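One structure is given here, and the rest of the page talks about it.
2 protein chains.
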Amino acid sequence: MSAPAIAAVDWGTSSFRLWVLDSKGSVLAERRSSEGMLVATGEGFSSILERHLAAVGAPADLPVIVCGMAGARQGWVEAPYVTLPASLDGILAGAVPVPAQGRTIRILPGLAQRSAEAPDVMRGEETQLAGITPLFVQGSHVICMPGTHSKWVQAADGIVQVFRTWLTGELFAVLSKHSILRHSLGDDIAPPMPDNQAFLAACSEALGHGGDIGPSLFRVRAATLLNDQKPEVAAATLSGLLIGAEIASARRVFGPLSNKIVLVASGSLGMLYGAALRLAGCTLIQADADDAVRSGLFEAAKRLGWAGHRS
Amino acid sequence: MSAPAIAAVDWGTSSFRLWVLDSKGSVLAERRSSEGMLVATGEGFSSILERHLAAVGAPADLPVIVCGMAGARQGWVEAPYVTLPASLDGILAGAVPVPAQGRTIRILPGLAQRSAEAPDVMRGEETQLAGITPLFVQGSHVICMPGTHSKWVQAADGIVQVFRTWLTGELFAVLSKHSILRHSLGDDIAPPMPDNQAFLAACSEALGHGGDIGPSLFRVRAATLLNDQKPEVAAATLSGLLIGAEIASARRVFGPLSNKIVLVASGSLGMLYGAALRLAGCTLIQADADDAVRSGLFEAAKRLGWAGHRS
Chain A
663 MSAPAIAAVD WGTSSFRLWV LDSKGSVLAE RRSSEGMLVA TGEGFSSILE
713 RHLAAVGAPA DLPVIVCGMA GARQGWVEAP YVTLPASLDG ILAGAVPVPA
763 QGRTIRILPG LAQRSAEAPD VMRGEETQLA GITPLFVQGS HVICMPGTHS
813 KWVQAADGIV QVFRTWLTGE LFAVLSKHSI LRHSLGDDIA PPMPDNQAFL
863 AACSEALGHG GDIGPSLFRV RAATLLNDQK PEVAAATLSG LLIGAEIASA
913 RRVFGPLSNK IVLVASGSLG MLYGAALRLA GCTLIQADAD DAVRSGLFEA
963 AKRLGWAGHR S
Chain B
663 MSAPAIAAVD WGTSSFRLWV LDSKGSVLAE RRSSEGMLVA TGEGFSSILE
713 RHLAAVGAPA DLPVIVCGMA GARQGWVEAP YVTLPASLDG ILAGAVPVPA
763 QGRTIRILPG LAQRSAEAPD VMRGEETQLA GITPLFVQGS HVICMPGTHS
813 KWVQAADGIV QVFRTWLTGE LFAVLSKHSI LRHSLGDDIA PPMPDNQAFL
863 AACSEALGHG GDIGPSLFRV RAATLLNDQK PEVAAATLSG LLIGAEIASA
913 RRVFGPLSNK IVLVASGSLG MLYGAALRLA GCTLIQADAD DAVRSGLFEA
963 AKRLGWAGHR S
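This is the structure:
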């Protein structure tokens with residue numbers, strides 16, 4: 663077995679993921695937990711990180727490269743946003759050291775779009791982008807990165823030009839937990855399969871109405887009251903409406919360029935967005951989000967001389 | 663002072679309003695509380711009602727006419743929905759008795775739109791409509807009734823033909839309390855004034871994008887992070903986006919008919935929707951929502967022979 667070269671950490675708002683990588687970027691060990699920034703600001707970032715490193719027997723001097731909300735102002739150490747247009751290479755080179763730790767730790771910056779009409783920020787997705795740069799080195803591309811806060815990015819030749827955020831995942835969460843729709847969805851919500859008919863019909867409806875799902879949301883409730891709609895149908899419908907609306911809306915913003923999409927996602931979310939984007943008539947290039955962020959972190963470690971060979 | 667003829671009650675999900683009216687419909691006393699259906703299913707509808715009647719010294723035999731969620735299946739006594747197309751006169755004549763009470767009590771039914779593509783329901787707004795029938799007796803009209811669940815109704819000659827529900831008020835509540843936007847809006851949220859520039863700009867933006875506010879919601883957060891946006895500006899922006907989106911969406915659904923709107927609302931909500939509808943180029947006829955529901959309840963009491971003269 664090869665020797666560990668670095669630990670790569672994707673530290674989000676509500677999730678923590680760590681990989682121990684060798685000098686070629688191969689995974690030697692992995693940890694996942696829900697100790698995201700929200701937990702870490704209470705318990706301490708350092709103690710959570712060291713506990714996970716100890717659990718995989720990481721050497722005391724293993725350097726750690728981090729991306730995500732750990733670099734937010736309310737996080738561990740602020741890694742100030744890089745302003746658009748931004749080179750992904752520049753982001754990887756801009757890691758901020760975490761001082762006074764027993765080991766070398768650096769946090770990658772996020773991206774800021776400082777425009778009056780569309781201010782926007784990201785932390786973590788820029789590292790996924792850096793991990794899939796080969797997919798969009800030449801020409802202009804639109805990249806869809808679904809999640810709690812979905813990011814759609816236009817990039818060309820390794821430069822991020824514009825991006826926008828949709829609250830799709832969070833809208834599903836707050837509507838299913840806190841709105842009147844919760845009575846129709848119930849407590850035991852699983853994501854629909856990508857060939858679910860209610861999901862596809864709702865998606866199609868949202869696409870057909872240019873993303874306007876205003877009068878469709880309450881229908882999810884009314885169909886339970888009037889038609890004995892099952893909870894799983896209600897959940898699939900809400901999911902389809904929100905994802906379809908996001909895609910219709912993003913295509914309005916990004917125009918014809920969005921006919922060909924680089925989709926960066928994992929698991930069931932990747933399958934759902936894949937189905938929805940195909941329904942919208944898009945051609946897809948798919949990349950796994952976990953692989954992407956790990957590759958981006960490894961690229962940053964290479965630039966720091968911690969692993970691999972500088973190109 | 664004239665003698666009390668009836669008590670009229672608008673019993674919503676989260677609010678209770680009672681008026682004691684004389685035989686001409688004039689208000690002799692009024693009670694308002696937050697003892698809506700959600701409270702009443704625990705404490706008991708009867709005890710809440712009797713407590714408020716006792717507080718205004720109502721006679722033991724004063725009859726009570728009720729509309730709203732008290733007539734829901736999960737309410738006091740179910741008053742089954744009347745199916746569209748529905749005559750407002752028929753709704754008023756369809757009050758269901760509450761059995762085994764010390765006094766005569768009737769609850770008005772709600773309305774159901776039993777269509778496969780747009781199932782919808784209302785409870786309470788049909789009584790407001792009945793209270794403003796003179797505003798739309800001749801020809802086809804679109805009526806906007808904003809609230810937690812905004813209802814837009816197409817009616818002609820006293821017949822309700824179609825309606826749709828927008829979750830606008832509830833979306834504002836769940837986004838401002840439970841989503842990441844809460845960090846930008848803060849805890850002390852007051853409705854904006856109707857001439858608030860952030861409200862009008864956001865409204866205009868939503869109207870211009872055909873109601874697509876997908877990428878605009880997260881901007882409310884990003885503008886705080888990047889531009890030190892004040893909480894009241896964030897709240898006015900979110901309010902403008904949601905109300906503007908509702909109007910754009912309703913105009914898509916109801917078409918040219920929605921150029922002239924009967925707006926049924928009270929207080930600050932009425933002023934905000936008034937400003938937003940005028941921004942959208944609509945001509946308005948305005949009616950007060952409280953007056954409307956009270957008039958509708960009084961009309962129902964007249965048909966029961968409890969007050970006034972049968973027409």
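Chains as they are written, first to last, in this note's numbering: chain A, 663 to 973; chain B, 663 to 973.
Cβ atoms here follow ideal geometry from the backbone N, Cα and C, with glycine treated the same way.
The structure displayed is predicted, hence computed values, not measured ones.
Problem - Top-ranked residue by Cα proximity to A732/B, from P721/B, A717/B, R713/B, R768/B - result: To locate residue 732/B, count along the second sequence from 1; it is residue 70. Considering only alpha carbons, the answer is R768/B.
Exercise for the section: Note down, in chain order, every chain A residue with its Cβ under 8 Å from the Cβ of V836/B. Expected result: Residue numbering aside, residue 836/B sits at position 174 when the second sequence is read from its first letter. The answer, in chain order, is V836, L837, H840, S841.
Problem - Residue ranges of each alpha helix (DSSP H) within the region 676-732 of chain B, 4 or longer - result: 699-705, 707-717
Practice task
Report the partner residues of S802/B according to the DSSP bridge assignment.
Solution key: Translated into positions along the second sequence, residue 802/B becomes position 140. DSSP, once it has assigned bridges, lists A818/B as partnering S802/B.
Practice task
Kindly list, in the order they appear in chain A, the residues whose Cβ is closer than 8 Å to that of R940/B.
Solution key: As a position in the second sequence, residue 940/B is number 278, starting the count at 1. Going along chain A, no residue has its Cβ under 8 Å from R940/B, so there is no contact; the nearest lies around 20 Å.
Practice task
Select from the region 874-887 of chain A all residues with a C-beta closer than 7 Å to any C-beta belonging to chain B, and list them in chain order.
Solution key: D874, G876, P877, L879, F880, R881, A884, A885, L887
Practice task
Would you kindly report the start and end of the unbroken alpha helix (DSSP H) that includes L900/A?
Solution key: In the first sequence, the residue the question calls residue 900/A occupies position 238. L900/A -> alpha helix (DSSP H) spans 893-916.
Practice task
Output, in chain order, the set of chain B residues within a Cβ distance shorter than 8 Å of K908/A.
Solution key: Within the first sequence, numbered from 1, the residue matching residue 908/A stands at position 246. Looking at the sequence itself, residue 908/A is Glu, so the reference to Lys does not match. Chain B residues near E908/A: G876.
Practice task
Indicate the three-state DSSP secondary structure (helix, strand or coil) for S841/B in the structure shown.
Solution key: Locating residue 841/B in the second sequence gives position 179, counting from the first residue. Coil at S841/B, not helix or strand.
Handout entry: Per DSSP, cross-strand counterpart(s) of P761/A
Key = Reading the first sequence from its first residue, position 99 is the one you call residue 761/A. DSSP lists no partner for P761/A.
Practice task
Check whether the Cβ atoms of S677/B and R694/B sit closer than 9 Å, and answer yes or no.
Solution key: Translated into the one-based positions of the second sequence, residue 677/B becomes position 15. Translated into the one-based positions of the second sequence, residue 694/B becomes position 32. Their beta carbons are under 9 Å apart, which means S677/B touches R694/B by this criterion.
Practice task
Counting only the same chain and skipping the five closest in sequence on each side, list residues whose C-beta sits under 7 Å from that of R785/B.
Solution key: Here residue 785/B corresponds to residue number 123 of the second sequence, with the count starting at 1. G730, M731, G733, A734, G772, listed in sequence order.
Handout entry: Beta carbon of S878/A nearer than 9 Å to that of A860/A
Key = Position 216 of the first sequence holds residue 878/A. Position 198 of the first sequence holds residue 860/A. Taking 9 Å as the Cβ cut-off, S878/A and A860/A do not qualify as a contacting pair.
Handout entry: Chain-ordered residues of the region 777-791 of chain B with a beta carbon less than 8 Å from chain A
Key = A780, P781, D782, V783
Exercise for the section: Apply the 10 Å Cβ neighbour rule to E913/B and answer buried if 16 or more other Cβ atoms are within range, or exposed otherwise. Expected result: Position 251 of the second sequence, counting from 1, holds the residue named residue 913/B. Residue identity differs from the one stated: residue 913/B is Arg in this sequence, not Glu. Buried, because 16 or more other Cβ atoms sit within 10 Å of the Cβ of R913/B.
Practice task
Kindly indicate which three-state DSSP category A670/A falls into: helix, strand or coil?
Solution key: Position 8 of the first sequence, counted from the start, is the residue given in the question as residue 670/A. Of the three classes helix, strand and coil, the one that applies to A670/A here is strand, per DSSP.
Problem - Contact under 9 Å by Cβ, A691/A with V726/A - result: Residue mapping note: residue 691/A aligns to position 29 of the first sequence, counting from 1. Residue mapping note: residue 726/A aligns to position 64 of the first sequence, counting from 1. No, the Cβ-Cβ distance between A691/A and V726/A is not below 9 Å.
Problem - CB contact below 9 Å: S866/B versus chain A - result: Locating residue 866/B in the second sequence gives position 204, counting from the first residue. Not closer than 9 Å to any Cβ of chain A, the Cβ of S866/B fails to qualify, so no.
Practice task
Could you tell me whether the Cβ atoms of L869/A and L946/A are closer together than 9 Å?
Solution key: The residue labelled residue 869/A in the question sits at position 207 within the first sequence. The residue labelled residue 946/A in the question sits at position 284 within the first sequence. In this structure, L946/A does not lie closer than 9 Å to L869/A by Cβ.
Practice task
Decide if Q775/A is buried, meaning its Cβ has at least 16 other Cβ atoms within 10 Å, or exposed.
Solution key: By 1-based counting over the first sequence, the position of residue 775/A is 113. With 16 or more other Cβ atoms within 10 Å, it is buried.
Handout entry: Cβ contact (3+ pairs, closer than 8 Å) linking the region 959-966 of chain B and the region 823-837 of chain B
Key = no
Handout entry: CA-to-CA distance, G943/A to A937/A, given in whole angstroms
Key = Along the first sequence, one-based indexing puts residue 937/A at 275. Along the first sequence, one-based indexing puts residue 943/A at 281. When rounded, the distance between both Cα atoms is 10 Å.
Problem - Those residues which DSSP pairs with Q859/B across a bridge - result: Locating residue 859/B in the second sequence gives position 197, where the first residue counts as 1. None; Q859/B has no bridge partner.
Practice task
Taking only heavy atoms of the ligand SAM into account, decide whether any of them is closer than 8 Å to the Cβ of A722/A.
Solution key: Among the components modelled here there is no ligand, and therefore nothing to report on the ligand SAM.
Exercise for the section: Check each candidate in L700/A, V718/A, E705/A, F880/A and name the one with the smallest Cα separation from I668/A. Expected result: As a first step, residue 668/A must be located in the first sequence, where it is residue number 6. Cα-wise, what sits closest to I668/A is V718/A.
Exercise for the section: Tell whether a beta-carbon distance below 9 Å holds between Q816/B and V799/B. Expected result: Here the question's residue 816/B lines up with position 154 in the second sequence. Here the question's residue 799/B lines up with position 137 in the second sequence. No.
Exercise for the section: Give the residues of chain B in contact with H811/A, contact being defined as C-beta atoms less than 7 Å apart. Expected result: Indexing the first sequence from 1 puts residue 811/A at position 149. The contacting residues are F880.
Problem - Whether A720/A touches P666/A by CB criterion (9 Å) - result: For the purposes of this step, residue 720/A is taken as the residue at position 58 of the first sequence. For the purposes of this step, residue 666/A is taken as the residue at position 4 of the first sequence. Yes, they are a contact pair.
Exercise for the section: Taking all protein chains shown into account, decide if P917/B is buried (16 or more other Cβ within 10 angstroms of its Cβ) or exposed. Expected result: Looking up residue 917/B in the second sequence gives position 255. The amino acid occupying residue 917/B in the given sequence is Gly; Pro does not appear at that position. Classification for G917/B: exposed.
Practice task
Kindly list the residues whose CB is nearer than 6 Å to the CB of E779/A, restricted to its own chain and excluding five residues on each side of it in sequence; keep chain order.
Solution key: Against the first sequence, residue 779/A aligns to sequence position 117. Excluding sequence neighbours, E779/A sits near nothing in its chain.
Exercise for the section: Quick one: which residues of the region 691-709 of chain B get their C-beta closer than 8 Å to a C-beta of chain A? List them in chain order. Expected result: none
Handout entry: For K813/B and M807/A, the rounded distance between their alpha carbons
Key = Counting from one through the first sequence, the residue named residue 807/A turns up at place 145. Counting from one through the second sequence, the residue named residue 813/B turns up at place 151. C-alpha separation (whole angstroms): 35 Å.
Practice task
Let me know the secondary structure DSSP gives D953/B once reduced to three states.
Solution key: Here residue 953/B is taken as the residue at index 291 of the second sequence, counted from 1. Helix.
Practice task
State yes or no: is the C-beta of K686/B within less than 9 Å of the C-beta of G902/B?
Solution key: The residue you call residue 686/B lines up with position 24 of the second sequence. The residue you call residue 902/B lines up with position 240 of the second sequence. In this structure, G902/B does not lie closer than 9 Å to K686/B by Cβ.
Handout entry: Range of the contiguous alpha helix (DSSP H) that encloses Q790/B
Key = Counting from one through the second sequence, the residue named residue 790/B turns up at place 128. Residues 787-793.
Problem - Within-9 Å CB hit, Y935/B to chain A - result: For this step, residue 935/B is matched to residue 273 along the second sequence. Output row for Y935/B: interface = no.
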